[in-house]
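Trainee: Encoded as structure tokens, here's the structure I'll be asking about.
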Amino acid sequence: MLFAAAPFLLCLASMMPLGQLSGQTKFPEHNLTNHPGNDRYASYSPDGEWIVFESGRNGKWDVFLMDKDGEQLFQLTKDPAGGRRPSWGPEGRKVLFESTREGATSLFEINTDGSGLRRVMSMDKAIDGGLFARYSPDGKQIAYTLRESETNFDLYLYSLAKGRSIALFTDEYRNVYPQWSPSGKEILFFSRHETNNTDDELYRMKLKNGRLMRLTHWPMHNFCPSWSANGRRIAYVTSMEGIRPEIYIMKKNGKGQQRITFNEDGDTLPHWHPDGKKLLITGYRDDNFEICEVTLSP
């Protein structure tokens, strides 16, 4: 099984790094979706009551909402151009997503009842590879990825008040998937800038001075990080060529790595529950992607 081509799914899968684990516990998990169409890129609302995700169940990618148990389901985007890579506004009342409904790739937000659609930011053309946009905790900025070339992705910050972007981190390599710390003072992302574009490693960046802290040092891909709501832990994906991707967690300083999933067909795109006791993941189950929930503690 090949994962879809995208900056965060760069290879086939994951392995358990020898000598790096603090435990091999099999954590309970269950599917929240079960549909022949692909469901992925899920995240909890700030209160943990709702989940937003993208789905190809209608023949194109659209944004959906479901309750925390996977029962009540609502389709938020219905334009022929669809919607991709949704994330929550800080207060949990709006959803941010990507769409090419106006030709160029743009960011839109929509109320959780489907009303109030508005364009937030627009590029000057359709962008390959996705923006992976996220609101800052105070809702004043958006961090996003911009694909410059096949081997070059850079990070930017968009100010809603000023209506313009500034470069956050740029070089000739892949720098992808910015995630805000709960305090809004740091950005978590994955990059190839110290590996000569050969593998992805995780970094934290202080916004005040641009200082980087490298969190992983493994000769394999480490990607799609997610910061816990208390800022103490990070969930992420580890993989290398020829082996399935799996979910790991670690402390915010990169120590105490622990493998969380042990599945035949691989897992990706983790996102923390606000209480830190669960993770949403995208798992390949029965020949398609499903949204699964992993319970870390009762």
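Throughout, this note's numbering is defined as the position within the sequence shown, counted from one, plus 927.
Virtual Cβ for every residue (Gly too), placed ideally from N, Cα, C.
#1: Check for me: the beta strand (DSSP E) holding residue 1035 runs from which residue to which?
#2: At the level of alpha carbons, what is the spacing between residue 1180 and residue 1139?
#3: What number of angstroms, rounded off, separates the C-alpha of residue 1177 from the C-alpha of residue 1149?
#4: Leaving aside the five residues before and after residue 1031 along the sequence, list all residues of the same chain whose C-beta is less than 7 Å from its C-beta, in chain order.
#5: In three-state terms, what does DSSP make of residue 1054?
#6: Spatial neighbours of residue 1055 within its chain, please: C-beta separation below 6 Å, excluding the five flanking residues on both sides.
#7: Taking the alpha-carbon of residue 1044 as reference, which of 1025, 1057, 1060 and 1061 has the nearest alpha-carbon?
#8: Considering only the beta carbon of each residue, do residue 1129 and residue 1152 sit closer than 7 Å?
#9: Give every residue of the same chain whose Cβ lies closer than 8 Å to the Cβ of residue 1222, excluding the five residues on either side of it in the sequence, and list them in chain order.
#10: Should residue 972 and residue 1041 be called a contact, given that it needs their Cβ atoms to be closer than 7 Å?
#11: I need the boundaries of the beta strand (DSSP E) containing residue 971, first residue and last residue.
#12: Whole angstroms are fine: how far does the CA of residue 1186 sit from the CA of residue 949?
#13: If I'm right that residue 1226 touches residue 1100 with Cβ under 8 Å, what's the distance once you round it to whole angstroms?
#14: Please determine, among 993, 1133, 1061 and 1010, the residue with the shortest C-alpha to C-alpha distance to residue 1112.
#15: Looking at residue 1107 and residue 1155, is the spacing between their C-beta atoms short of 7 Å?
#16: Taking the beta carbon of residue 1011 as the centre, do at least 16 other beta carbons fall within 10 Å, making it buried, or is it exposed?
#17: State yes or no: is the C-beta of residue 1060 within less than 7 Å of the C-beta of residue 1095?
#18: What does residue 1162 pair with, by DSSP beta-bridge criteria?
#19: Taking all protein chains shown into account, decide if residue 1197 is buried (16 or more other Cβ within 10 angstroms of its Cβ) or exposed.
#20: Using the Cβ count rule (16 or more neighbours within 10 Å means buried), how would you classify residue 1109?
Mentor: Reading it off the structure:
#1: 1031-1038
#2: 12 Å
#3: 12 Å
#4: 1049, 1050, 1051, 1052 and 1053
#5: coil
#6: 1074
#7: 1025
#8: yes
#9: 954, 955, 956, 1204 and 1205
#10: no
#11: 966-971
#12: Below a pLDDT of 50, predicted positions are generally treated as unreliable, and residue 949, at 43, falls in that range; the measurement from the model is reported next regardless. C-alpha separation (whole angstroms): 8 Å.
#13: In the structure displayed, the chain extends from 928 to 1225; residue 1226 sits before or after that span and is not available.
#14: 1133
#15: no
#16: buried
#17: no
#18: 1153 and 1176
#19: buried
#20: exposed
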